[in-house]
Amino acid sequence: MLYRSYYNRQYYKRIEQMHEKYGPVIRTSPNEIHLIDPDNYDRIYSNSSRYEKPAAVYDSYLSPAAAFATPSNEVHRVRRAALNPIFSRRMVLGLEDVVQSKAWKIAELTTQALQENRPMDFYHAFRSLSTDVISDFAFDKSFNLLDSPDLGAAYLALIRQLNVGPWVLQQLPFLIPLVTRVLPWLAPLLSKSLGSVYKIKQQCADQIEDVRAHLATQKGFHDRPTIFSQLIDPPNTTEDRVCSTDDELRDEALSVLAAASDTTGNAMTVAAYHVIGNRQVYDKLTAELRQAFPDAEAKLDFLKLEKLPYLTGVVKESLSFGVIGRLARVVPEPGATFNGHHVPAGSVVGMSAWLMHRNEAIFPDAMKFSPERWLDPKNARKMEHHMVPFGRGSRQCVGMPLAYCEIYVTIGTLFHRFDNLEVFETTDEDMEYDDFFASMNKPSKHWFKAVGAA
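Converting from the sequence shown to the working numbering requires adding 44 to each position, the first position being numbered 1.
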């Protein structure tokens, strides 16, 4: 912990430096190996992989009954089977109107900010959009953070604290059994992070009880199914799809809310920051959008947006810059050999999307935000195989279809409407990440905002 703390929460950069010095296989802790060779990725994260998640790492998220934190592949298969249909592309397309309404809300807020000659806070707006969408999809009750005066800053501060806790517990795993027994009223007195966990868990439990009450009376729900209406009262139950327990529902809710707020919101932040900061990219994107949708007031349909090549390049680049967390796995029997190094069974091994996307042989000039790199079909196919912002295999992020819909619709709507924005005070340094698995920008007074061009 002291070693990682020494690098001021920038350990992902230190790992890159160690690979440059020592090669494709490095030791990041006494029992953990990190790999950088992209040929190893499918060995560890494929659908047929026998590599499981290490409990010592994922127990730190304090949601042991959630699919994300489940160590066993077999138990995960059952839990994930209940979620897969809910997050399918078909279900997401049925949710597009919700995404559209939130994207238009950001456009309205931007118009208002420009009229009042003040900066538009995109850092919080994008993250609140993701939270509003997922809460609507989860509970049929949006949190409506975009309607709050602070654009959800207070709630997002809780989520930020939520992400700090696991970093500490992963270094001090003996604390995990203790913190899970802490009385809720005592948690915030012990630490802000632990207090955030208990506060959001209680919010999740309350929301789930509301869903149960609505289901019991058959009132208050739209025709559209939601995540937790489907988990509480699944359309059919089989060995692979069973009714969830209260603990599973609460932990799944916590996992879904935490994942949605920062990951997708961060990708939109990255996209908007780099588009606005590069006039050439900005002009190409607005031109493509306005050619595809000549009506200035048009609703930008997701199915049409995802076919636009330059916008797709912007989306891909935003995702390639947005994920720094390392995906730890346990080496199965009888052990494995990576790049000539034998790794015993039981050791922890992992790779990161950040370093996969920084491979210059696959992504030339990788640190440059360059949508143009995706315009050549041959190059795009090669890069696509190594693009892993959502992971890969049976453990791939279940929310990927929803994330793509949010990013395409929101970024498309914003730059279809506005061609005169400028970055306000935010610098590249402000956009750097703290290494807490989730992609959290460093504490700064200059989180991403924009103003109208003079």
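Cβ atoms here follow ideal geometry from the backbone N, Cα and C, with glycine treated the same way. From a predicted model like this one, the values you see are computed outputs, not experimental measurements.
Reference residue i, options the options, closest by Cα
{"i": "V467", "options": "R323, S438, R373, A111", "result": "R323"}
{"i": "P384", "options": "Y452, P68, I130, Y55", "result": "The sequence shown places Gly at residue 384, rather than the Pro named in the question. The candidate whose alpha carbon is nearest that of G384 is P68."}
{"i": "T457", "options": "E152, P487, V367", "result": "E152"}
{"i": "S488", "options": "R402, K328, G496, D478", "result": "D478"}
{"i": "L301", "options": "T313, A482, M62, N75", "result": "A482"}
{"i": "A372", "options": "F365, V393, L106", "result": "V393"}
{"i": "S93", "options": "D165, V374, K149, S237", "result": "V374"}
{"i": "V367", "options": "A380, Q262, D306", "result": "D306"}
{"i": "R53", "options": "I70, D83, V212, D103", "result": "V212"}
{"i": "G209", "options": "S414, Y85, F187, Y242", "result": "Y242"}
{"i": "A497", "options": "Y102, R162, Q144, T72", "result": "R162"}
{"i": "Y102", "options": "I220, K57, Q159", "result": "I220"}
{"i": "L293", "options": "A100, P108, A147, W491", "result": "P108"}
Secondary structure of residue i, DSSP reduced to three states
{"i": "G366", "result": "coil"}
{"i": "M164", "result": "strand"}
{"i": "A380", "result": "strand"}
{"i": "A258", "result": "Residue identity check: residue 258 is His in the sequence provided, not Ala. In this structure, H258 counts as helix in the three-state DSSP scheme."}
{"i": "K422", "result": "helix"}
{"i": "M427", "result": "helix"}
{"i": "H78", "result": "strand"}
{"i": "N403", "result": "coil"}
{"i": "S483", "result": "strand"}
{"i": "G496", "result": "strand"}
{"i": "L230", "result": "coil"}
{"i": "A342", "result": "coil"}
{"i": "V432", "result": "coil"}
{"i": "V101", "result": "helix"}
{"i": "R373", "result": "strand"}
{"i": "E466", "result": "strand"}
{"i": "L46", "result": "Any answer about L46 is weak, because its pLDDT of 49 lies below 50 and its placement is not dependable; what the coordinates show is given next. Helix, per DSSP."}
{"i": "E416", "result": "helix"}
{"i": "E361", "result": "helix"}
{"i": "E96", "result": "strand"}
{"i": "R500", "result": "Look at the range of the chain in this structure, 45 to 498, and you will see that residue 500 is not part of it."}
{"i": "W491", "result": "coil"}
{"i": "T155", "result": "helix"}
{"i": "Q440", "result": "coil"}
Residue burial classification, residue i (beta-carbon count within 10 angstroms, cutoff 16)
{"i": "N464", "result": "exposed"}
{"i": "T114", "result": "buried"}
{"i": "M411", "result": "exposed"}
{"i": "Q214", "result": "buried"}
{"i": "P378", "result": "exposed"}
{"i": "L46", "result": "Reliability of the predicted coordinates at L46 is poor, the pLDDT of 49 falling under 50, and the value obtained from them is presented with this limitation in mind. By the 10 Å Cβ count, L46 comes out exposed."}
{"i": "E473", "result": "exposed"}
{"i": "K65", "result": "exposed"}
{"i": "D165", "result": "buried"}
{"i": "P421", "result": "exposed"}
{"i": "N128", "result": "exposed"}
{"i": "T224", "result": "exposed"}
{"i": "A304", "result": "buried"}
Boundaries (first-last residue) of the beta strand (DSSP E) holding residue i
{"i": "I70", "result": "69-73"}
{"i": "F480", "result": "477-480"}
{"i": "M395", "result": "392-396"}
Opening and closing residue of the alpha helix (DSSP H) in which residue i lies
{"i": "H386", "result": "Per DSSP, H386 belongs to no alpha helix (DSSP H); it is in the beta strand (DSSP E), 385-387."}
{"i": "E332", "result": "323-336"}
{"i": "S107", "result": "First-last for S107: undefined, no H or E at that position."}
{"i": "A113", "result": "Looking at the DSSP string, A113 is not in any alpha helix (DSSP H), and its letter there is neither H nor E."}
{"i": "L222", "result": "220-223"}
{"i": "L206", "result": "197-215"}
{"i": "V30", "result": "As shown, the chain starts at 45 and ends at 498. That puts residue 30 outside it, with no answer to give."}
{"i": "E450", "result": "444-461"}
{"i": "Q274", "result": "271-276"}
Proximity of residue i and residue j at Cβ, strictly below 9 Å
{"i": "A340", "j": "H460", "result": "yes"}
{"i": "V255", "j": "D184", "result": "yes"}
{"i": "S192", "j": "S172", "result": "yes"}
{"i": "L446", "j": "L139", "result": "yes"}
{"i": "G196", "j": "L206", "result": "no"}
{"i": "M395", "j": "Y167", "result": "no"}
{"i": "N42", "j": "F413", "result": "Only positions 45 to 498 of the chain appear in the structure, and residue 42 is not among them; the question remains open."}
{"i": "Y85", "j": "R436", "result": "yes"}
{"i": "I252", "j": "D290", "result": "yes"}
{"i": "H386", "j": "M431", "result": "no"}
{"i": "H318", "j": "S362", "result": "yes"}
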